[in-house]
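Going by my numbering, the sequence shown opens with residue 4, and the numbers climb by one from there.
All residues carry an ideal CB built from backbone N, CA and C; glycine is no exception.
All remarks here apply to the structure that follows.
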Amino acid sequence: LQDKIEEIDNIFVYNLLLSINNQFGRGKLPVGPKSTIHEYLHAFSDEESYADEEGDDDEYETLPQILIIDQFEEILTTNLGRWQQREDFFKQLSAAMMADPQLWVVLSMREDYVAAMEPYAHLLPGRMRARFYMQRMEERAALDAIIEPPKKLHPPCTFTEDAARILVQNLQRVRIFGAEEADQTHIGQFVEPVQLQVVCYQLWRNHLEDSDDPDPSDITVDDLVRLADGQDLSLFVNNALGQFYESVLEEVLAEPAAGHAALAESQLRDWFSNELITKDKTRRSVFRGPTTTAGIPNEIVRLLENRFLIRADTRFGAAGYELVHDRLVEPILRANDAWREAQLRANPIAHATYRAAQTWAAQGQPEDQLYRDRQLREALVHVDSKTIDDTTQAFLHTSEEAQMKRDSE
Numbered sequence: 004l005q006d007k008i009e010e011i012d013n014i015f016v017y018n019l020l021l022s023i024n025n026q027f028g029r030g031k032l033p034v035g036p037k038s039t040i041h042e043y044l045h046a047f048s049d050e051e052s053y054a055d056e057e058g059d060d061d062e063y064e065t066l067p068q069i070l071i072i073d074q075f076e077e078i079l080t081t082n083l084g085r086w087q088q089r090e091d092f093f094k095q096l097s098a099a100m101m102a103d104p105q106l107w108v109v110l111s112m113r114e115d116y117v118a119a120m121e122p123y124a125h126l127l128p129g130r131m132r133a134r135f136y137m138q139r140m141e142e143r144a145a146l147d148a149i150i151e152p153p154k155k156l157h158p159p160c161t162f163t164e165d166a167a168r169i170l171v172q173n174l175q176r177v178r179i180f181g182a183e184e185a186d187q188t189h190i191g192q193f194v195e196p197v198q199l200q201v202v203c204y205q206l207w208r209n210h211l212e213d214s215d216d217p218d219p220s221d222i223t224v225d226d227l228v229r230l231a232d233g234q235d236l237s238l239f240v241n242n243a244l245g246q247f248y249e250s251v252l253e254e255v256l257a258e259p260a261a262g263h264a265a266l267a268e269s270q271l272r273d274w275f276s277n278e279l280i281t282k283d284k285t286r287r288s289v290f291r292g293p294t295t296t297a298g299i300p301n302e303i304v305r306l307l308e309n310r311f312l313i314r315a316d317t318r319f320g321a322a323g324y325e326l327v328h329d330r331l332v333e334p335i336l337r338a339n340d341a342w343r344e345a346q347l348r349a350n351p352i353a354h355a356t357y358r359a360a361q362t363w364a365a366q367g368q369p370e371d372q373l374y375r376d377r378q379l380r381e382a383l384v385h386v387d388s389k390t391i392d393d394t395t396q397a398f399l400h401t402s403e404e405a406q407m408k409r410d411s412e
């Protein structure tokens, strides 16, 4: 695999073209290690034009094409060893635009990376002067996102503004650093759109299941209370966000990258509980290394970022990651605690071994904490070597070596 990567002339061009081909090219257009943006887009346009000309229209019209590159900051944050190829990427993009007047390019990126693009601005037509700032979602926009879509149903449904405001303010909750009370929170300025979508989806599904009317006409504050089983709405929001967290973990662990990295579910959950969340239940940033971020392969971290569970953090001048919002802290901790309890009930010996391994590693791998004799034999029987994390594997391997040394004496 490394030899094939070395054959690629420009890793950024290759990844872009591969992404376009996988999503829109239907696999018909080959992407090779020496493919260029202009050549590929020209072939892609010819392919699309041929498909259009097969229609019934007598007249053929050439329409503008827009290439939208999302998460464009990754040209700065990935493949750091290929940084010299960034300039060539911009030159190729410029050449493609100059060759095709009908080609427009939209680069979408986080605002904290815009300044880092300046050294390359002169390489593109217009020097990237046409810029549009996309404001993060504030309360009014979040209210509209909840209230307006149900109005378009047939028959229309009313989501009252009072109910929507309660829901939005719950999602705006942020923890205040330095507050006199450890659990003190305040209404923050922004709402995370993905969290809003997750909570509203769960709310709507529960509302339909709970209603005798197949076409419920409205959702009120009383409905929110009922759907939360009469408890604080925070419980309902926590459950919805917890389900979102569980679904993301399930998707990521099913990815081939997780299998290649031998990533155990327990290892990933501990990463969230111990690395991204402090003992005071606040978010914590972890710095990204060349290949791993706080022990998790960067390829896995990117999958989590792409699913909006974590986000890149550059506030301290170095690349890192953090949870997308304070509102995820409690749901994640609750979900992980519930998972560990289930694991303990299902396989108490394996779970106890995992905990012993974490303690052993955290305290500097003392020999007196290694398993021995019957305890070691039981652990080797009950622990699945294919699913355990590296720390537990090292713990059992070291315990076995120490046991063999004792037996030979």
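Between glutamate 258 and leucine 306, the C-beta spacing is below 7 Å. For arginine 139, the secondary structure class from DSSP, reduced to helix, strand or coil, is coil. Apart from sequence neighbours up to five positions away, the residues of its chain that approach valine 177 with a beta-carbon distance below 7 Å are Thr188, His189, Gly191, Asp329, ordered along the chain. The region 191-208 and the region 143-162 touch, with no fewer than 3 CB-CB distances between them shorter than 8 Å. Taking a cut-off of 8 Å for Cβ pairs, the region 349-361 and the region 330-338 do not touch, as fewer than three such pairs fall below it.
Per DSSP, reduced to three states, the secondary structure at tyrosine 324 is strand.
The closest CA to that of alanine 322, considering only Trp342, Thr294, Asn18, is found on Thr294. When Cβ pairs closer than 8 Å are counted between the two stretches, the region 39-50 is seen to touch the region 88-98, the count reaching three or more. Phenylalanine 27 counts as exposed, since fewer than 16 other C-beta atoms from the protein chains shown sit within 10 angstroms of its C-beta. Annotated as distal: leucine 379 and serine 411, with beta-carbon spacing of 7 Å or more. The beta-bridge partner set that DSSP reports for proline 300 consists of Thr295. For threonine 281, no beta strand (DSSP E) run applies, since DSSP gives it neither H nor E. In this structure the region 110-120 touches the region 74-91; the number of beta carbon pairs closer than 8 Å is three or more. In the three-state reduction of the DSSP assignment, tryptophan 107 falls in the strand class, which pools E and B. In this structure, DSSP gives aspartate 316 an extended state, which the three-state scheme calls strand.
Under the 10 Å beta carbon count, methionine 407 is surrounded by fewer than 16 other beta carbons and is classified as exposed. In the three-state DSSP reduction, isoleucine 391 falls in the coil class, being neither helix nor strand. Counting every other CB atom within 10 Å of its CB across the protein chains shown gives glutamine 270 a total of 16 or more, marking it as buried.
In this structure, alanine 167 sits away from valine 202, with a CB-CB distance that is not shorter than 7 Å.
A check of alpha carbon separations from histidine 45 across Ala119, Leu174, Leu32 identifies Leu32 as the nearest. Secondary structure in the region 67-127: the beta strand (DSSP E) runs of 3 residues or longer, each lying completely within the stretch, are 68-72, 106-110 in chain order.
A straight line joining the alpha-carbon of isoleucine 299 with that of aspartate 316 spans about 16 Å.
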